[in-house]
Amino acid sequence: MEWTEPLMIVLGFAMVLVGLAGALLPALPGLPFVFGGLWTLAFVGDYDRVGGFTLGVLGALLAAGLVLDFIAGSLGARKLGASPQAVAGATVGTIVGMFFGLPGLLLGPFIGAVAGELKARRPIAQATTSGIGAWIGLMLGIVAKLVIALIMVGIFVFDYFI
Numbered sequence: 031m032e033w034t035e036p037l038m039i040v041l042g043f044a045m046v047l048v049g050l051a052g053a054l055l056p057a058l059p060g061l062p063f064v065f066g067g068l069w070t071l072a073f074v075g076d077y078d079r080v081g082g083f084t085l086g087v088l089g090a091l092l093a094a095g096l097v098l099d100f101i102a103g104s105l106g107a108r109k110l111g112a113s114p115q116a117v118a119g120a121t122v123g124t125i126v127g128m129f130f131g132l133p134g135l136l137l138g139p140f141i142g143a144v145a146g147e148l149k150a151r152r153p154i155a156q157a158t159t160s161g162i163g164a165w166i167g168l169m170l171g172i173v174a175k176l177v178i179a180l181i182m183v184g185i186f187v188f189d190y191f192i
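Just so we're aligned, residue 31 is where the sequence shown starts under the numbering used here, counting upward by one.
Structure, rendered in structure tokens:
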């Protein structure tokens, strides 16, 4: 065993743990960290136990999770009857919110949806409802990211030991 292998194993596990935390905290790119950590662990094992097919499945889950993360807020707003402007506002709010840390990530979809509804000249009550829908969508997106991250780890562990 080379001296780098234990360091790579520690790095892989650390990335997975940071990724799991990032699935809950919108400020961290959780799923990419989970995937990177699992890929690192597969690399250390020379892809003997976990190979290309499993890494491809994990990559597909990563892609699906990233898409879901970006659209969750706008889907929540749409579900509560938001106008197309509010849905677009929630999406823009999510993207802009990323530049303002955790408060921006939590409030961005809400503010964007409300702004979109007000631009569409809808009543403040509807704007608020759309904003709440965007926020609920964001929270459901966080839960979905955590579930996807745990599924990724589960698939890796299953393939490693079976």
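Don't be surprised by glycine CBs; every beta carbon is placed ideally from N, CA and C.
Between the options, which has its C-alpha nearest residue i's C-alpha?
i	options	result
Lys109	Ala164, Met182, Asp189, Ile181	Ala164
Leu92	Val74, Ile125, Ala53	Ala53
Phe188	Thr84, Gly123, Gly134, Gly60	Thr84
Gly49	Ile178, Phe191, Ile192	Ile178
Gly167	Gly86, Pro59, Phe140	Phe140
Gly134	Val46, Gly42, Leu58, Pro36	Leu58
Tyr190	Gly81, Thr34, Leu41	Gly81
Ala118	Leu98, Leu105, Gly89	Leu105
Ile162	Ala145, Ala174, Lys175	Ala145
Leu170	Val122, Ala44, Leu98, Thr34	Leu98
Ile172	Ala155, Leu136, Pro114	Leu136
Val126	Phe100, Pro114, Gln115, Ser113	Phe100
Gln156	Ala112, Leu55, Met45	Ala112
Phe186	Leu41, Thr70, Pro36, Gly142	Thr70
Thr34	Phe73, Phe130, Met45	Phe73
Ile198	Ala116, Pro36, Met45	What is shown of the chain runs 31 to 192, which leaves residue 198 out entirely.
Ala174	Met45, Ala102, Met128, Pro36	Ala102
What are the boundary residues of the alpha helix (DSSP H) that residue i is part of?
i	result
Asp189	154-191
Pro114	114-127
DSSP three-state call for residue i: helix, strand or coil?
i	result
Leu135	helix
Arg151	coil
Asp76	coil
Leu58	coil
Glu35	helix
Gly106	helix
Gly81	coil
Gly111	coil
What whole-angstrom Cβ distance do residue i and residue j have, given they're in contact under 8 Å?
i	j	result
Leu96	Leu47	Wrong, their Cβ atoms sit about 20 Å apart, outside the cutoff.
Thr158	Gly138	With 8 Å as the limit, Thr158 and Gly138 do not qualify as a contact, their Cβ atoms being about 16 Å apart.
Thr90	Ala120	According to the sequence shown, residue 90 is Ala rather than Thr. With a Cβ gap of about 26 Å, Ala90 and Ala120 do not count as contacting.
Leu132	Leu55	7 Å
* Asked: Can at least three beta-carbon pairs, one atom from the segment 175-186 and one from the segment 60-79, be found at a separation below 8 Å?
  -> A contact exists between the segment 175-186 and the segment 60-79.
* Report yes or no: do the segment 72-80 and the segment 149-164 share at least 3 C-beta pairs separated by less than 8 Å? => The segment 72-80, when compared against the segment 149-164, does not touch it at the 8 Å Cβ threshold.
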